[in-house]
Amino acid sequence: MIIQKLIFQELSDMASDSFHNKFNLITSNNVNSAGKSTYCRLIFYALGYTIPSTEGINFNRVNTTAYIENNSQKYIVKRSFKFLDVQHEGGSWSKTYILPDEHISFISYIFGVDNLRIAGNLLGLMYIDQEKGWTLLNRGKVIGNNRFSIDELVSALKNIDCEELFKEREAIESEIDKYQALLNMNSIKEEYYENNNNLEVITLGEDIKKKIASIQLEIQNIKQNIDEINKVIKQDKSFFEYIEAMSLYVKTAEGLVKVSKDNIENSCNIEYLKAEKSVLMNQLSRLEREKAKLIREYKVVINGTNLFGENITIDTEKRINSALSSIDVDVEAIKVLLNKAKKEREGIKAQIRTRIRWNNEYISQIYKLFFEYARKLNVERFISDKIDYIFTDNLRGKTGALFQKLIIAYKVAVIKVVEQAINTKLFLVIDSPKAKELDDKNTRQMMEFLQRELSDNQVIIASIFSQKDFFVDFDKVITFKNRAIEHRQ
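If you're matching positions, the sequence shown starts at 2 in our numbering and goes up one per residue.
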């Protein structure tokens, strides 16, 4: 994936910047608050991500246009608030995605990735944020509510079905967050209304079963539609390959032109069908999540009661509402619930670890590259000799330049493995690599490493420092004067 050009417009202000397909620097030449971090965020906002705005600029009021290229396919992507319009450059098809619901479908299509878990973790590989990015190794928040998880990624690469376990983990982590928030409250003054006080368990159970049946019907219909699209794509692809193999030529005013899929009328229908398939895959994933949630609710309705002696009929939010029905929160009861939830989470995590680590070659591939790159950056002594170190939670004592270099080594290792699996090059945006504790020696070492190991990738580095402070030559330098969205010469 290469970003060729970006256009950002906010009212009468506009920025238009072209990028080199290799090493790029966005600099303000030692001037703070010139908009470099805002610009980094806008890059991904332009690609449909839900990204927090920065002070002084509301992203929802910015219209963006991105010219991108992936595997020789060129696209024009325009965003206006919740609408993402994608046009195949030179082609006759276009599609509008509604954000955020259809964003994963767009990412899946534009990167050519069918697995939505892989698509959902790409941001964590392509962006190192100024704040969160330099503390994120293998799992956590990338920016805003966008998360990265190496567990999800390697399971998806291997096509290991951990979907239900991931959903259970997400649900229990949400529950833990809410219990911990309750423990930080000294008093509860707001009155909560219970929606399920008068519901009979049997009635509620039947209602949930009806919802499950309805969703299952939708799932079957979508799967049928996906199968039909796959058949059409396969037939069209075979037809175009047959035509190309015949080496036919057509006589035109300009001379003889060889017939190919690129100049046959309506050949772009395949691209449209692929985009439509991505949307259906996203809908299918959402419905399966809803179905799994309803199944969990049904099991709880039939079998469970909580510590308050009430029937647990619903999801996490309603459990919390039940706890808040009294003005004075029962702290001890909440602690019991919290400890129970944490134990459940550990059990789920253990199941995930066991399932994804069995005979998974992607783990060893990532570790091998991680160790090799760490050695090149002189930080290999801080890495365990066990290949499952890529899942480590123990990051104590790793700070400053040491941790930055570990993060870079890890990031590039995972990028390399993922690229090979999905047959697509990823770009990398790094915000403020010298903002922490990176001295000149480590800066040079890191920049030379990136240029060498990502020589076939597009890299965009944003910093207040100028080119000479990085001790390498950049293929393109964009200089900011005052803000991210401004006219630049």
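C-beta: ideal position from N, C-alpha, C; glycine also.
Under 9 Å between the Cβ atoms of residue i and residue j?
| i | j | result |
| --- | --- | --- |
| residue 169 | residue 297 | yes |
| residue 393 | residue 438 | no |
| residue 158 | residue 144 | no |
| residue 374 | residue 414 | yes |
| residue 288 | residue 229 | no |
| residue 150 | residue 356 | no |
| residue 441 | residue 24 | no |
| residue 429 | residue 129 | yes |
| residue 285 | residue 227 | yes |
| residue 94 | residue 276 | yes |
| residue 404 | residue 135 | yes |
| residue 419 | residue 154 | yes |
| residue 339 | residue 216 | no |
| residue 147 | residue 50 | yes |
Using only alpha-carbon positions, find the residue among the options that is nearest to residue i.
| i | options | result |
| --- | --- | --- |
| residue 1 | 91, 392, 78 and 343 | Within the shown structure, residues of the chain are numbered from 2 to 490, placing residue 1 beyond reach of any answer. |
| residue 162 | 219, 18, 116 and 47 | 116 |
| residue 92 | 83, 75, 101 and 427 | 75 |
| residue 69 | 20, 341, 151 and 255 | 20 |
| residue 431 | 108, 423, 28 and 71 | 28 |
| residue 82 | 72, 43, 73 and 88 | 43 |
| residue 469 | 435, 255, 487 and 148 | 435 |
| residue 378 | 446, 134 and 58 | 446 |
| residue 359 | 97, 207 and 160 | 160 |
| residue 371 | 388, 361 and 332 | 388 |
| residue 474 | 428, 67 and 451 | 451 |
| residue 1 | 455, 111 and 282 | In the structure as shown, the chain begins at 2 and stops at 490. Residue 1 is therefore absent and cannot be evaluated. |
| residue 337 | 101, 184, 23 and 233 | 184 |
| residue 102 | 85, 90, 442 and 94 | 85 |
| residue 362 | 421, 53, 142 and 454 | 421 |
| residue 72 | 110, 235, 98 and 31 | 110 |
| residue 292 | 339, 351 and 214 | 214 |
| residue 478 | 466, 484 and 486 | 466 |
| residue 380 | 365, 443, 331 and 333 | 443 |
| residue 280 | 96, 139 and 216 | 96 |
| residue 510 | 368, 366, 335 and 490 | Shown here, the chain extends from 2 to 490; a query on residue 510 therefore has no answer. |
| residue 299 | 207, 52 and 367 | 207 |
| residue 433 | 274, 80, 41 and 365 | 41 |
Under DSSP, the beta strand (DSSP E) around residue i begins and ends at which residues?
| i | result |
| --- | --- |
| residue 14 | 14 to 19 |
| residue 368 | Segment 362 to 377 is the alpha helix (DSSP H) holding residue 368; no beta strand (DSSP E) there. |
| residue 3 | 3 to 11 |
| residue 84 | 84 to 89 |
| residue 431 | 429 to 432 |
| residue 149 | 147 to 150 |
| residue 56 | Neither: residue 56 is in no beta strand (DSSP E) and is coded neither H nor E. |
| residue 141 | 140 to 144 |
| residue 24 | 24 to 28 |
| residue 71 | 64 to 71 |
| residue 478 | 477 to 480 |
| residue 97 | 95 to 99 |
Less than 8 Å between the CB atoms is what I'm expecting for residue i and residue j, so what's the real figure, rounded?
| i | j | result |
| --- | --- | --- |
| residue 346 | residue 174 | 6 Å |
| residue 166 | residue 391 | Their Cβ separation, rounded to whole angstroms, is 19 Å, which puts residue 166 and residue 391 out of contact at 8 Å. |
| residue 8 | residue 39 | The Cβ separation is near 15 Å, so there is no contact. |
| residue 423 | residue 119 | 7 Å |
| residue 349 | residue 126 | At roughly 25 Å, the Cβ-Cβ gap does not stay under 8 Å, so residue 349 and residue 126 are not in contact. |
| residue 47 | residue 16 | That pair is no contact at about 11 Å. |
| residue 482 | residue 35 | 7 Å |
| residue 22 | residue 3 | 5 Å |
| residue 406 | residue 457 | Wrong, their Cβ atoms sit about 22 Å apart, outside the cutoff. |
| residue 272 | residue 488 | The Cβ separation is near 35 Å, so there is no contact. |
| residue 180 | residue 342 | 6 Å |
| residue 480 | residue 31 | Not quite, the Cβ-Cβ distance comes to about 11 Å (not below 8 Å), so this is no contact. |
Let's see if you can read the secondary structure: which residues bound the alpha helix (DSSP H) around residue i?
| i | result |
| --- | --- |
| residue 39 | 37 to 46 |
| residue 454 | 441 to 454 |
| residue 463 | Residue 463 -> not in any alpha helix (DSSP H); beta strand (DSSP E) instead, spanning 460 to 464. |
| residue 81 | Looking at the DSSP string, residue 81 is not in any alpha helix (DSSP H); the run it does join, the beta strand (DSSP E), is 74 to 81. |
| residue 390 | Where residue 390 is concerned, there is no enclosing alpha helix (DSSP H), given that its DSSP letter is neither H nor E. |
| residue 168 | 164 to 184 |
| residue 420 | 401 to 423 |
| residue 104 | 104 to 112 |
Taking three-plus beta-carbon pairs below 8 Å as touching, is the segment 372 to 386 in contact with the segment 405 to 413? yes
Inter-stretch contact (C-beta, 8 Å, three-pair minimum) for the segment 454 to 462 and the segment 8 to 19: no
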